[in-house]
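Peer 1: So that we are looking at the same thing, I have put the structure below in C-alpha cells.
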Amino acid sequence: MDLFKLVEVVVFPGLMYLVVLAIFFEWYKRKLVARMQSRLGPTYTGFRGILQPLADFLKLLFKEDIEVTTGDQKMLTLVLLVAPTLFIFSLFFVPVTGYTIFSFEGDLLLVLFISSIASLLLYLVGWTFRSSFTKAGAARLLLQIVGFDIAAIALALVPAFEAESLCIATISEKISSAVISNPLLLIPHGFAFILFLLAQQADLEEDPFDIPHAETELVAGYITEISGRKLAFLDLFKDLQMVYVSFFTASLFFGVIVKPLSAVLVIASSVEMFLKALLVLFILFTIEAASTRIRIYNLLDAFWKYIIPLSFFSLSLLFIIKALPGVLL
Amino acid sequence: MKIIPKLVPTVVKTVFKKPVTEQYPYEPPKPSPNIRGKIVYDVDKCVGCGLCAIYCPSGAIEMIMIKEVKRRIPIFHLDRCMFCHQCVEVCRFGAITGSREFEIAAYNKNELKIITPKERVKPLKVGEKK
Amino acid sequence: MSYAVDLLFGPQHPALHEPERFRFKVDGEIIVDVDVKIGFIHRGIEKLAESKNFIQNIYLTERICGICNVAHTLCYVQAVEDMAGIEVPERAKYLRVIVHELNRIHSHLLILGVAAELLGWETEFMYLWRDREAIMDIIEDVTGNRVTSAFNTIGGVRRDINNTQKERMLKVLDKVEKDTRFHKKVLEEDPLYRERMVNMGVLKTRDAIERCAVGPTARGSNVDYDVRAHDPYAAYDEIPFNVIRYKECDSWARMMVRVDETLESINIIRYALKHLPGGEIRVKVPPRLPAGEGLSRVEAPRGELIHHVFCKGDVKPYRLKVRTPTFANILAIAPTFIGHTIADVPAILVSIDPCFSCTDRLTFVDVSSGKVMKLSLGEIKRMYWSR
Ligand code: SF4
Ligand code: SF4
Numbered sequence: 003m004d005l006f007k008l009v010e011v012v013v014f015p016g017l018m019y020l021v022v023l024a025i026f027f028e029w030y031k032r033k034l035v036a037r038m039q040s041r042l043g044p045t046y047t048g049f050r051g052i053l054q055p056l057a058d059f060l061k062l063l064f065k066e067d068i069e070v071t072t073g074d075q076k077m078l079t080l081v082l083l084v085a086p087t088l089f090i091f092s093l094f095f096v097p098v099t100g101y102t103i104f105s106f107e108g109d110l111l112l113v114l115f116i117s118s119i120a121s122l123l124l125y126l127v128g129w130t131f132r133s134s135f136t137k138a139g140a141a142r143l144l145l146q147i148v149g150f151d152i153a154a155i156a157l158a159l160v161p162a163f164e165a166e167s168l169c170i171a172t173i174s175e176k177i178s179s180a181v182i183s184n185p186l187l188l189i190p191h192g193f194a195f196i197l198f199l200l201a202q203q204a205d206l207e208e209d210p211f212d213i214p215h216a217e218t219e220l221v222a223g224y225i226t227e228i229s230g231r232k233l234a235f236l237d238l239f240k241d242l243q244m245v246y247v248s249f250f251t252a253s254l255f256f257g258v259i260v261k262p263l264s265a266v267l268v269i270a271s272s273v274e275m276f277l278k279a280l281l282v283l284f285i286l287f288t289i290e291a292a293s294t295r296i297r298i299y300n301l302l303d304a305f306w307k308y309i310i311p312l313s314f315f316s317l318s319l320l321f322i323i324k325a326l327p328g329v330l331l
Numbered sequence: 002m003k004i005i006p007k008l009v010p011t012v013v014k015t016v017f018k019k020p021v022t023e024q025y026p027y028e029p030p031k032p033s034p035n036i037r038g039k040i041v042y043d044v045d046k047c048v049g050c051g052l053c054a055i056y057c058p059s060g061a062i063e064m065i066m067i068k069e070v071k072r073r074i075p076i077f078h079l080d081r082c083m084f085c086h087q088c089v090e091v092c093r094f095g096a097i098t099g100s101r102e103f104e105i106a107a108y109n110k111n112e113l114k115i116i117t118p119k120e121r122v123k124p125l126k127v128g129e130k131k
Numbered sequence: 227m228s229y230a231v232d233l234l235f236g237p238q239h240p241a242l243h244e245p246e247r248f249r250f251k252v253d254g255e256i257i258v259d260v261d262v263k264i265g266f267i268h269r270g271i272e273k274l275a276e277s278k279n280f281i282q283n284i285y286l287t288e289r290i291c292g293i294c295n296v297a298h299t300l301c302y303v304q305a306v307e308d309m310a311g312i313e314v315p316e317r318a319k320y321l322r323v324i325v326h327e328l329n330r331i332h333s334h335l336l337i338l339g340v341a342a343e344l345l346g347w348e349t350e351f352m353y354l355w356r357d358r359e360a361i362m363d364i365i366e367d368v369t370g371n372r373v374t375s376a377f378n379t380i381g382g383v384r385r386d387i388n389n390t391q392k393e394r395m396l397k398v399l400d401k402v403e404k405d406t407r408f409h410k411k412v413l414e415e416d417p418l419y420r421e422r423m424v425n426m427g428v429l430k431t432r433d434a435i436e437r438c439a440v441g442p443t444a445r446g447s448n449v450d451y452d453v454r455a456h457d458p459y460a461a462y463d464e465i466p467f468n469v470i471r472y473k474e475c476d477s478w479a480r481m482m483v484r485v486d487e488t489l490e491s492i493n494i495i496r497y498a499l500k501h502l503p504g505g506e507i508r509v510k511v512p513p514r515l516p517a518g519e520g521l522s523r524v525e526a527p528r529g530e531l532i533h534h535v536f537c538k539g540d541v542k543p544y545r546l547k548v549r550t551p552t553f554a555n556i557l558a559i560a561p562t563f564i565g566h567t568i569a570d571v572p573a574i575l576v577s578i579d580p581c582f583s584c585t586d587r588l589t590f591v592d593v594s595s596g597k598v599m600k601l602s603l604g605e606i607k608r609m610y611w612s613r
C-alpha cells in the first residue's frame, strides 16, 4: 500500500473528510428543520452556529460517563467503537468525491451487508441494559430493521440492473447514460428512488419512522441509559449514518456529470456529489418535518404490505422493460 | 395521493420565509404598552396606612417603622412580587404606580428590595390632605 | 397465560408535562391494565385560601392552573358574588366573556400543539404555537400580562377596553381565524395524524355520561353539555353560539372539538365586542362580606369547573372548595387505555387536555389498614405533628 492511498484513507475522501461531513450534515439537519419550523436553529457557535454539533460532541466527551450497573458496559463500548467504523468503511466504496478509494465488482452487496450489520449493532446497544424502556426500544428497532432492510436491498438492485454492474462506482458512472438510452427505465427508476428514500428514512430513524426512540412513549428508547462519551459516539454514529445514506442514495440514483479525471475535476465532482447528497437530505428532512410518528404496527404494515411488494414490482418492471426490445425485435 | 402528509407544501415554503423567532436578550423585546411591570413607590405621597401590605397576595410588602420620624413605610420585596398591581389599585393616595419595566433579574435578592432611605422619609403632618 | 410487564409512565416522563404516575401492565406492546396514581403535586391551595382574604384569593385561585387562569378567577369571583349578592355591571360581564374566550383560544391552541408534539410532529407544534402567539399578544394588551391575566375582580373587572384595543383585537382575530382554518384542514385531512388519533380511546356517549366526563371530552363523545349554554353565566345568555359536538367519540374527535371551539370563540368575541354595552366596569365591594355560601360553575377550556365558597362573616372565606375538570375526565378516560398499544398512550392521554396540578387531592389513608380517614386540623396536629 503506497503513501498516497494512506493519505486518501485517513485524510481526504477518507476518515477526516467523512467526520467533518458528518458534523456538517448534523448542522444542516438542525438548521434546515429549524427553518422548516419557522425557527432559527443554531446561531451562536461559529458562522450561523455551524460549529454547534462539534461543540456538542466535545461537551459530551468531557462529561462524566455514568455507568448503569445493570448494563453490560464492555459490550456497549465495543459496539460503539465498532459501529462508526463500519459506516466509514462502507463509505470507502461509495464515490463520495466522484471516485472511490476501494472498488471491486460486487461491492454493492458488501456495503448493503455492512450497513445492515451496523443497524443490528444498534439493537445490541438497547439489549445490553435491563431497563424496560431500552428493551422495548430495542425490540421495536429489530422489528423496524426486518421491515425496511429487505426493501432497501431489493431497491438497491434496481440501479444495479440498469447499469448492469454490482460495483457502486460503475453504477454511478453508467446510470445516467443507461437511463438516457432507454427513457422507459425512468418509470422503475423513479419508483425505486421514492421507495428507497422511505427505506433509508426508516434506517435513519427519522419521522415518521422514529419509532425505536420515540421520546413521548419510551423516553429515548434504546438510548435511554447511555450518557457521556458513549452518547457522543452514538451521535457520531448517527451522523455518519446520515452521510452514508445521503451519498449512497445519490450515487445509486443520480448519476454523475463531472468525471474526476484531474485534480481540479476531483474538487468539482466532490462538490457535485456533495450538492446531490444535500438534495437527498432535503427530501428526507421534508418528510421528517411534515409527518407524525407512526406506530410500529403501521410501519410493518406499510413495509410488508406495500413497499416490499412494490419494490419487487419495480424490479420486475425493470426486467420487462429491459427484455422488451429483445422480444419485439 | 392520500398518504402524502398535508404539511409538505407549507414546510417547503417556510424554509424560504423569515423565521419568527425573537432572539430575546440580543434583540429588544416588544411588550404591549399596557403591561403590568415593576411597581414604583413614591414616599412623599404615602401616608403609611398599610393597606397595600394587607392586600398584597404574595406578601411582598413589609411595613417597617422609621423611629426618627415616627411613622411606618412599606418595603417592597420585588423578588416575591408577581406584578398583579393589587397594591396600585388599593392605595388611595397614588403612592404606588405601575411601570412597564419587567427585566428585573438580579444575582442577589437584596438588590430587589425597594427600600426608601431614612433621609427621604418626612414626618407626617396630621390633618394634611394629600 | 400472559406475561404482563409493568411499564411506568411518570412521575417523570416526556409524555407528561406534569408529574403523575400511570402504571401500565403491558403484554408485548398491548396494554392490559392501567392504574392511575394522582397526588404528586398536591399544593394545598384550598387550605391556603382559608388564610387569605377575598381579594388575595383571586390571585391564589388564578394560580390553580396557569393556562385556564381566567376560568378559575371568574369562577371564584362569581361564587363570592353569588354569596354576597353582588350585582355586576353589564359591561363587566361582556369584558369577562371576552377575556374568558381569549383564554380558551390560547388554551385550545396550546393543547393542539402539545398533542402534535406528543405524536412526534414538531412542525405542527411549532406552527400552532407560532399562531397562538398573536393571541398571547392581545391577552397581554388587554389584561396586562401574557398568562396570569389578573383581570377579574370581585364586583367586576379591573381594566377597560378602548377603541384602539378593539380594532387591534379584531385584526388579530381575523388572522387567528385564518390560521385556525388552515390547521383545521391539516388536522382533519393529514393521513398520519388521522392514523394515530382516529379510533383511539373510544369513550362511548353512554360511558361519558356515566363516568361524568366534562368539557371537550364529553362533547367529543357527542354529549350535549356545555355550562355556557345550559347554565349561562356572565353574558353568555345574551350571546348566540353553538355547542360543538362530534359523533366519533375518539381522541381525534376530542381534538377537533377544540379546533371548532376556537373558531366559535372567535365569533363570540366578535359578537361581544360589537355589542359591548357602556357604563361602569366594576362596583365597590366591602372587604368584609356577610355570612353565606356561594356556588359557581364555569366552562373552563378543559371542562366544567366548580368553585364553592363558604363565609362566616369575615374578610376571609371559611372554606373554598374547587372541583377541576381533569379530575372528572381522568377517571373517565383511564379504562379506555386498555387494549391499545404503548404508542397510543400519549395520543389518548393528551386528548383530555390533562392538567394534573389542579387535579391533585389529598386523602389520609392509614397505610397499615388501608382505611380512608377524615381528620380535622386539630386531630392532624395531635397525631402527626409530634414536634
Ligand atoms: S403605599 Fe399607599 S397603601 Fe401602601 S402604606 Fe403607603 S399610602 Fe398606604
Ligand atoms: S404588585 Fe401585587 S405582588 Fe407586587 S407588591 Fe403589589 S400587590 Fe404585592
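Chains as they are written, first to last, in my numbering: chain A, 3 to 331; chain B, 2 to 131; chain C, 227 to 613. Where a beta carbon is used, it is the ideal one built from N, C-alpha and C, also for glycine. The structure presented is a predicted model; accordingly, all values stated were derived computationally and were not measured.
Excluding the 5 residues flanking C57 of chain B on each side, which residues of the same chain have their C-beta closer than 6 Å to its C-beta?
Peer 2: C88
Peer 1: Is there contact here, the stretch 424-432 of chain C with the stretch 470-486 of chain C, by at least three beta-carbon pairs under 8 Å?
Peer 2: yes
Peer 1: So, using beta-carbon positions, are V535 of chain C and V296 of chain C closer together than 8 Å?
Peer 2: Taking 8 Å as the Cβ cut-off, V535 of chain C and V296 of chain C do not qualify as a contacting pair.
Peer 1: Is it true that the stretch 121-136 of chain A meets the stretch 224-239 of chain A, where meeting means three or more beta-carbon pairs spaced less than 8 Å apart?
Peer 2: yes
Peer 1: Can you look up R394 of chain C in the DSSP assignment and give me helix, strand or coil?
Peer 2: helix
Peer 1: Going by other Cβ atoms of all chains shown within 10 Å of its Cβ, with 16 needed for buried, is A517 of chain C buried or exposed?
Peer 2: exposed
Peer 1: If contacts are defined as beta-carbon pairs under 8 Å, then V41 of chain B and I74 of chain B qualify, I think. What distance do you get, rounded to the angstrom?
Peer 2: Not confirmed; about 15 Å, so no contact.
Peer 1: Anything in the stretch 282-298 of chain A with a Cβ closer than 8 Å to a Cβ of chain C? List those residues in chain order, please.
Peer 2: A291, A292, S293, T294, R295, I296, R297, I298
Peer 1: Any C-beta of chain B sitting closer than 8 Å to the C-beta of M18 of chain A?
Peer 2: no
Peer 1: Would you mind reading off the limits of the beta strand (DSSP E) that contains F305 of chain A?
Peer 2: Premise fails: F305 of chain A is in no beta strand (DSSP E) and is neither H nor E.
Peer 1: Which whole-angstrom value describes the C-beta separation of L220 of chain A and F150 of chain A, a residue pair presumed to lie in contact below a C-beta threshold of 8 Å?
Peer 2: The Cβ separation is near 19 Å, so there is no contact.
Peer 1: Nearest to D463 of chain C by alpha carbon, out of C:C438, C:A498, C:V485?
Peer 2: It is C:A498 whose Cα lies nearest to the Cα of D463 of chain C.
Peer 1: On a CA-only basis, which of C:F351, C:R394, C:E316 is nearest R496 of chain C? Give me that one, please.
Peer 2: Closest by C-alpha distance to R496 of chain C, out of C:F351, C:R394, C:E316, is C:R394.
Peer 1: Three-state secondary structure (DSSP) at T294 of chain A?
Peer 2: coil
Peer 1: Listing by chain order, which chain B residues have their CB less than 9 Å from the CB of P417 of chain C?
Peer 2: K3, I4, I5, P6, K7
Peer 1: Which partner residues of Y42 of chain B appear in the DSSP bridge assignment?
Peer 2: B:I97
Peer 1: If you follow the beta strand (DSSP E) that D253 of chain C is in, where does it begin and where does it stop?
Peer 2: 247-253
Peer 1: Could you check how far apart the C-beta atoms of K31 of chain A and L283 of chain A are, in whole angstroms? I think they sit under 8 Å.
Peer 2: 7 Å
Peer 1: Using a Cβ-Cβ cut-off of 8 Å, state whether W347 of chain C counts as contacting chain E.
Peer 2: You won't find chain E in this structure, because its protein chains are A, B and C.
Peer 1: Tell me the residue span of the beta strand (DSSP E) that contains I119 of chain A.
Peer 2: That residue, I119 of chain A, is in no beta strand (DSSP E); its alpha helix (DSSP H) goes 109-129.
Peer 1: Could you list which residues in chain B have their beta carbon closer than 8 Å to that of M38 of chain A, in chain order?
Peer 2: What M38 of chain A touches in chain B: V12, V13, T15, V16.
Peer 1: Kindly list, in the order they appear in chain C, the residues whose Cβ is closer than 7 Å to that of E104 of chain B.
Peer 2: None at all; the shortest Cβ gap to chain C is about 15 Å.
Peer 1: Using the C-alpha atoms, what's the distance from L354 of chain C back to H409 of chain C?
Peer 2: Cα to Cα, H409 of chain C sits roughly 8 Å from L354 of chain C.
Peer 1: Measuring only the C-alpha atoms, how far is V81 of chain A from L145 of chain A?
Peer 2: 20 Å
Peer 1: Excluding the 5 residues flanking I119 of chain A on each side, which residues of the same chain have their C-beta closer than 8 Å to its C-beta?
Peer 2: L88
Peer 1: Output yes or no for whether 8 Å exceeds the beta carbon distance between S253 of chain A and I170 of chain A.
Peer 2: yes
Peer 1: Going along chain C, which residues have a C-beta under 7 Å from Y56 of chain B?
Peer 2: I281, Q282
Peer 1: Return the residue from the list C:I574, C:I387, C:W347 that minimises the CA-CA distance to I364 of chain C.
Peer 2: C:I387
Peer 1: Is there at least one Cβ from chain C nearer than 8 Å to S133 of chain A's Cβ?
Peer 2: Answer no: the Cβ-Cβ gap between S133 of chain A and chain C never drops below 8 Å.
Peer 1: By the 10 Å Cβ neighbour count, where 16 or more other Cβ atoms means buried, how is D416 of chain C classified, buried or exposed?
Peer 2: buried
Peer 1: Mind checking which residues open and close the beta strand (DSSP E) that includes E530 of chain C?
Peer 2: Run containing E530 of chain C: 529-537, per the beta strand (DSSP E) assignment.
Peer 1: Just reading off the alpha helix (DSSP H) that K61 of chain A is part of, what are its end residues?
Peer 2: 54-64
Peer 1: Within 8 Å of any Cβ in chain C, is that where the Cβ of P44 of chain A sits?
Peer 2: no
Peer 1: Quick one: what's G518 of chain C bridged to in DSSP?
Peer 2: C:C537
Peer 1: Closest by CA to K193 of chain C, which one among C:L546, C:L531, C:T443?
Peer 2: Lying outside 227 to 613, the shown extent of chain C, residue 193 of chain C is not represented and no answer is given.
Peer 1: Could you check where the alpha helix (DSSP H) with I284 of chain C kicks off and where it finishes?
Peer 2: 280-288
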